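Student: Quick note, the sequences are listed as chains A and B, same order.
When we follow the numbering used here, the leftmost residue of the first sequence carries the number 81, and every step to the right adds one.
When we follow the numbering used here, the leftmost residue of the second sequence carries the number 217, and every step to the right adds one.
Submitted below is the structure of interest, expressed as C-alpha cells.
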Amino acid sequence: MFGSSRARALLIFLGPALLAISVFFFLPVLAALVMSFTDFDIYSLGDIRYARFVGFRNYLQLFNDPLFWKALGNTLYFLVVGGPLSVAVSLGAALLLHSRLVRFKPMFRFIYFMPVVTTLVAIAVVWRYVYHPRFGLLNAAMGALGFSPIDWLGDPDWAMPALIIMAVWKNFGYNMIIFIAGLQNIPASLYEAASIDGAGPVQQFFKITLPMLAPTTLFISIITMIGYFQFFAEPYVMTLGGPMNSTLSIVLLMYQQGFRWWNMGYSAALAFVLFAMILVVSVIQTRVQKQKGDLL
Amino acid sequence: MRAVRRNPVAYLAVLCVCLLPACSGGPAQDTEIQFWAFGSEGENVKALLPAFERQHPGVRVKLQVIPWTAAHEKLLTAYAGESTPDVCQLGNTWIPEFVTLKAIEPLEPWLRRAGLDSTSYFSGIWRTNFIEDVQYGLPWYVDTRVLFYRKDMCARAGFPTGPRTWAEWDTLCRRIVTAKGGHERYAVLLPTTEWAPPVIFGMQKGSLMLRDRNTYGDFSGAAFHAAFRFYIDFFKRGYAPAALTDVMNIYQSFGEGYFAMYITGPWNIGEFSRRLPPALQDVWMTAPLPGPDPGRPGVSLAGGSSLVLFSRSPRKELAWELIRYLSAPEQQIMFYRITGDLPARVEAWQDSALATNIYARAFFEQLKHVAPTPTIPQWEQIAMKVQDFAELAARNKMTVEESLSALDRDVDRILEKRRWMLNVR
Numbered sequence: 081m082f083g084s085s086r087a088r089a090l091l092i093f094l095g096p097a098l099l100a101i102s103v104f105f106f107l108p109v110l111a112a113l114v115m116s117f118t119d120f121d122i123y124s125l126g127d128i129r130y131a132r133f134v135g136f137r138n139y140l141q142l143f144n145d146p147l148f149w150k151a152l153g154n155t156l157y158f159l160v161v162g163g164p165l166s167v168a169v170s171l172g173a174a175l176l177l178h179s180r181l182v183r184f185k186p187m188f189r190f191i192y193f194m195p196v197v198t199t200l201v202a203i204a205v206v207w208r209y210v211y212h213p214r215f216g217l218l219n220a221a222m223g224a225l226g227f228s229p230i231d232w233l234g235d236p237d238w239a240m241p242a243l244i245i246m247a248v249w250k251n252f253g254y255n256m257i258i259f260i261a262g263l264q265n266i267p268a269s270l271y272e273a274a275s276i277d278g279a280g281p282v283q284q285f286f287k288i289t290l291p292m293l294a295p296t297t298l299f300i301s302i303i304t305m306i307g308y309f310q311f312f313a314e315p316y317v318m319t320l321g322g323p324m325n326s327t328l329s330i331v332l333l334m335y336q337q338g339f340r341w342w343n344m345g346y347s348a349a350l351a352f353v354l355f356a357m358i359l360v361v362s363v364i365q366t367r368v369q370k371q372k373g374d375l376l
Numbered sequence: 217m218r219a220v221r222r223n224p225v226a227y228l229a230v231l232c233v234c235l236l237p238a239c240s241g242g243p244a245q246d247t248e249i250q251f252w253a254f255g256s257e258g259e260n261v262k263a264l265l266p267a268f269e270r271q272h273p274g275v276r277v278k279l280q281v282i283p284w285t286a287a288h289e290k291l292l293t294a295y296a297g298e299s300t301p302d303v304c305q306l307g308n309t310w311i312p313e314f315v316t317l318k319a320i321e322p323l324e325p326w327l328r329r330a331g332l333d334s335t336s337y338f339s340g341i342w343r344t345n346f347i348e349d350v351q352y353g354l355p356w357y358v359d360t361r362v363l364f365y366r367k368d369m370c371a372r373a374g375f376p377t378g379p380r381t382w383a384e385w386d387t388l389c390r391r392i393v394t395a396k397g398g399h400e401r402y403a404v405l406l407p408t409t410e411w412a413p414p415v416i417f418g419m420q421k422g423s424l425m426l427r428d429r430n431t432y433g434d435f436s437g438a439a440f441h442a443a444f445r446f447y448i449d450f451f452k453r454g455y456a457p458a459a460l461t462d463v464m465n466i467y468q469s470f471g472e473g474y475f476a477m478y479i480t481g482p483w484n485i486g487e488f489s490r491r492l493p494p495a496l497q498d499v500w501m502t503a504p505l506p507g508p509d510p511g512r513p514g515v516s517l518a519g520g521s522s523l524v525l526f527s528r529s530p531r532k533e534l535a536w537e538l539i540r541y542l543s544a545p546e547q548q549i550m551f552y553r554i555t556g557d558l559p560a561r562v563e564a565w566q567d568s569a570l571a572t573n574i575y576a577r578a579f580f581e582q583l584k585h586v587a588p589t590p591t592i593p594q595w596e597q598i599a600m601k602v603q604d605f606a607e608l609a610a611r612n613k614m615t616v617e618e619s620l621s622a623l624d625r626d627v628d629r630i631l632e633k634r635r636w637m638l639n640v641r
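Set out below in C-alpha cells:
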C-alpha cells in the first residue's frame, strides 16, 4: 500500500522532469549517436533512403582527416597555453586587489570584471583594431619599444597567441573574483604567526597562500579546462578558423561540418569524440581532486 | 474586468476567446503570397510590392526579410518542417541543392505561357538556373566580378584602361611594384579568403573543375593547373599581399594607393563612390576581366539571385504572377535604382540610369561572358576547399602540384555520395 502510493508520488513529482529530459536530452543524444554511424546529409534530408549505415566509417574518416588533427592540435594549444595563463593572471590580479596597499579596490574589481560581462562580438570588434598590423594599438606600442610589427591575425603563427591573449583578457576577471573570495577566507592569524616566526612575503606566499588556495585553484582549473575545450566563439568571430586553419577548433570544425555543409553524420561523430575527450579529462581531474582532498 | 484580473483562469479564458479569430483566419481574408527575400534585397523589395497588390485586388504579399547569413539554414529548416514559402529569392549557386531536395518547381510551362525565354537574359546567368536540362528559376538580379582599378597608377605603368590579357596584366603588375619612389605597395588585392579569383582563372582557361558528370575533381588537370599557377604567381612575385589583415579597410588602402587593382562585384560601385574621398572619385574605374588569350575576353562568374517557386505552394498561379511582375523590365529598373543590384533582364540595361553609369558599363560587357560554376549541391563546399588550398599555396606552405592533388583528393571524398547516387564507380 505504502509502496504504491510512494511510487505514484515519485512518478508525479519526477515524471515531468524525466519526460522533459528524455525528450529534449536523451532522445536527441541517442539520435545523434545513431546518426554518427550513418552518412546523413543534405540528400538524406530530402529522401531518407539516401542515408546509409556506414558503421565506423565516419570515425575512421575523422581520424584520417588532417583537418581534425589540426583542429585537435589547435584546441590543445589553446587549452595548454591559455588555461594556465588564464589561472595565473587571475591569481595575480586577485593578489594585487587583495593587498592592503591598493586603494579604490571596488573600482578596480569593477574594471577587471567588465570584459567578462561584455559580449564577445563587441570585444572582437575592438580587438580587431588593437591587432591591426598597420594602425593597431598593440603594434604601435611594440614599435615604440623597438619591436618590428606583427601581423597578429593574418600570420598563422601569431593568430593563436592573439586569440589566447584576448581570451585571457576577457575571462580572467571571473576567476579573479573567485580567487579573492578564496583569499578572504585565509585567516589573518596564519600570516601574523608566520611573520612572528620571521617568514618573508615570498615564503608566506608559497607556504600559506598557495596551499590554502588549493581547493579554489582546482575548482577554477577544472571549470577553465572544460570551458576552453569548447573553444569556439573567439575564432568564430575573429578569424573563422583562419589563417590557414591555424585557429580552427574542434567545435568550430563540428559547426562547419554540421550546419554549413550538412554532413550531419560526420559532425555527430565529431561531437562524440569531443564528448569522450572532455569526459576523460574531467574524470582525471576529479580523481586528482579527490586525492588532494584526502591529503588536505 | 476586475474579476478577470483577479482570477487567472478567467483571464486565460478571455485571452483564448480573443485569440480565437486570429487562429481561424477570420472571415473572407485576402489571399496571401508568402515571399521570402534576403538582406538588403529583402529590405528594398518592399517598395515594389504595393503596385503589385493594386494590380491584383484581393491578393496580399507577405514579405519576410531574412539576413543572408541565416538564409540557407532557414530555408533548409523550412523545407524539413514543410513550411516553405510560395516564392523565394535564391542565390544562383543554391539552386542545385534545392532541386536535389525536389523543393522547387520546374518553370518551363510557366515560362512558355508568359513567352519568356533565354533571349531576354544573359546566357551565362540563365544557365545557372538550368539543372539537368530543366529550368528552375528566373534570374532576378545579376552579379559578376570585374576588375576595379586605379586609373592613375595603371596609366603611369602604361595601361590607362586596364589590362586586356594575362600577359598585359603581368607586365602591368611588374611595373607597378617596381616603380621607383613612393611607399610600399602592391599591384593587386587577391584576398586569400575568397575562392572566386582562382576559380575564375580556371574557368578562363577552360577548366570545368570537375569531371565524369561532376563526380570527381579535375583540379590537377592541365587547364586548372595552368590557371592556378598564374594565380599563385601573383603572390610569388610580390604583386599581391598574401596576408589579408594588411588591408582590413579595402577602401582606405585603395585610396592610399596601397594596391591598384581589385577583383570584385557590383556592390562595390556604391561603396567606392561613398567611401573614397571626393578627390579620388575620378581616379577609379571598372574593366572587364583580362583573359588568357589575346582577342578573347576573359570569362567571369555568373552570380546573383533568382526567383523560385516552391513545389509545396498551394497557390502557384499567383506566386508565378509575382515572379513575372518582379521580372518585368520596369520593376527591374526600379529595383536597380533602389538597391544598385544589376538587372537580369537585358532590356532593362537600356534605361538611362544604367546606360549612363560609367562604372556599370564594364559589368554589362562582362555579363556577356560569364559562366556558371558546376551546378551541383556540393559546389560551395568544394569552393571552400579551393580557397583553403589556394591559401596554403599562396603562403608557400605547399607547392602548386601538392595543393592541387590534395584538393582533388578532398573533393573526391566530398563527391563520394554523389557517385553512389548516380551509380558511378
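Glycine included, every Cβ here is placed at the ideal spot set by N, Cα and C.
Nothing here was measured: the structure is a model prediction, and the numbers come from that model.
(1) I want to verify the contact list: residues of chain A whose CB lies under 8 angstroms from the CB of B/Ala296, in sequence order.
(2) In the DSSP assignment, find the unbroken alpha helix (DSSP H) run with B/Trp284 in it and report its ends.
(3) What three-state label does DSSP hand B/Ala503 in the structure shown?
(4) Is the stretch 273-292 of chain A close to the stretch 222-232 of chain A, with three or more CB pairs under 8 angstroms?
(5) DSSP three-state call for A/Lys287: helix, strand or coil?
(6) In chain A, which residues lie less than 7 angstroms from B/Leu306 when you measure between Cβ atoms?
(7) Can you tell me where the beta strand (DSSP E) holding B/Ala253 begins and where it ends?
(8) What residues in the stretch 312-345 of chain A have a beta carbon less than 9 angstroms from any beta carbon of chain B?
(9) Our contact map puts A/Met334 next to A/Ala351 with C-beta atoms below 8 angstroms; I'd like the distance itself, whole angstroms only.
(10) If I measure Cβ to Cβ from A/Val134 and keep anything under 8 angstroms in the same chain, skipping five residues before and after, which residues do I get?
(11) Cβ atoms of A/Thr304 and A/Pro315: under 8 angstroms apart, would you say?
(12) Beta-carbon of B/Thr589 versus every beta-carbon of chain A: anything under 8 angstroms?
(13) Taking the beta strand (DSSP E) that B/Ile479 belongs to, which residues open and close that run?
(14) So is B/Met646 in contact with chain A if we call contact Cβ pairs under 8 angstroms?
(15) Of the residues B/Asp246, B/Ile598, B/Asp604 and B/Tyr474, which one's Cα is nearest the Cα of A/Trp341?
(16) Would DSSP call B/Trp382 helix, strand or coil?
(17) Nearest CA to the CA of B/Tyr575: which residue from B/Tyr365, B/Leu265 and B/Met550?
(18) Can you find a C-beta in chain A that's less than 8 angstroms from the C-beta of B/Ala238?
(19) What residue ranges within the stretch 292-336 of chain A form continuous alpha helix (DSSP H) runs of no fewer than 4 residues, ordered along the chain?
(20) Considering only C-alpha positions, which residue in the set B/Ala286, B/Glu259, B/Glu313 and B/Asp302 is nearest to A/Tyr123?
(21) Are the C-beta of B/Glu607 and some C-beta of chain A separated by less than 8 angstroms?
(22) Since A/Ala255 and A/Val167 are thought to touch, with beta carbons under 8 angstroms apart, how far apart are those beta carbons, to the nearest angstrom?
(23) What span of residues does the alpha helix (DSSP H) with B/Gln468 cover, start to end?
(24) Counting only beta-carbon separations shorter than 8 angstroms, does A/Asp237 have a partner in chain B?
(25) Mind the definition here: the stretch 360-377 of chain B touches the stretch 528-541 of chain B only if three or more C-beta pairs lie below 8 angstroms; say whether that holds.
(26) Please give me, in chain order, every unbroken run of the alpha helix (DSSP H) with length at least 4 that falls completely inside the stretch 376-439 of chain B.
(27) Would you verify that the beta carbon of A/Ile203 is, or is not, closer than 8 angstroms to some beta carbon of chain B?
(28) Could you tell me the distance, in whole angstroms, from the CA atom of B/Glu324 to the CA atom of B/Arg635?
(29) How long is the line joining the alpha carbons of B/Thr387 and B/Ala610, rounded to whole angstroms?
(30) Measure the CB-CB distance between A/Tyr211 and A/Ala242 and report whether it falls below 8 angstroms.
(31) Quick check: what's the CA-CA separation for A/Ile92 versus A/Ile330?
(32) What three-state label does DSSP hand B/Lys486 in the structure shown?
(33) Report the neighbours of A/Ile128 on chain B: residues whose CB is nearer than 7 angstroms to its CB, in chain order.
(34) Using a C-beta cutoff of 8 angstroms, does A/Asp119 count as contacting chain B?
(35) Taking all protein chains shown into account, do 16 or more other C-beta atoms lie within 10 angstroms of the C-beta of A/Pro267, making it buried, or fewer, making it exposed?
(36) Spatial neighbours of B/Glu321 within its chain, please: C-beta separation below 8 angstroms, excluding the five flanking residues on both sides.
Tutor: Short version:
(1) Leu125
(2) Trp284 to Ala296
(3) strand
(4) no
(5) helix
(6) Those within 7 angstroms of B/Leu306 in chain A number zero; the least Cβ separation is about 15 angstroms.
(7) Thr247 to Phe254
(8) Leu320, Gly322, Pro323, Met324, Asn325, Gln336, Phe339, Arg340, Trp341, Trp342 and Asn343
(9) 6 angstroms
(10) Phe117, Thr118, Asp119 and Gly345
(11) no
(12) no
(13) Met477 to Thr480
(14) For residue 646 of chain B there is no data in the structure shown, the boundaries of chain B being 217 and 641.
(15) B/Ile598
(16) helix
(17) B/Tyr365
(18) With a pLDDT of 46 at B/Ala238, under the threshold of 50, the predicted position of this residue should be treated as unreliable, and no value is reported.
(19) 313-318 and 330-335
(20) B/Glu313
(21) yes
(22) Per the sequence presented here, residue 255 of chain A reads as Asn, with Ala not at that position. Contact flag correct, Cβ pair sits at about 7 angstroms.
(23) Ile466 to Glu472
(24) no
(25) no
(26) 382-394 and 412-420
(27) no
(28) 28 angstroms
(29) 20 angstroms
(30) yes
(31) 41 angstroms
(32) As written in the sequence, residue 486 of chain B is Gly, which differs from the Lys given in the question. If DSSP states are grouped into helix, strand and coil, B/Gly486 belongs with the helices.
(33) Ordered by position in chain B, no residue passes the 7 angstroms Cβ test against A/Ile128, which lies about 11 angstroms from the chain.
(34) yes
(35) exposed
(36) Tyr352, Val524, Leu525, Phe526, Ser527, Ser529 and Lys532
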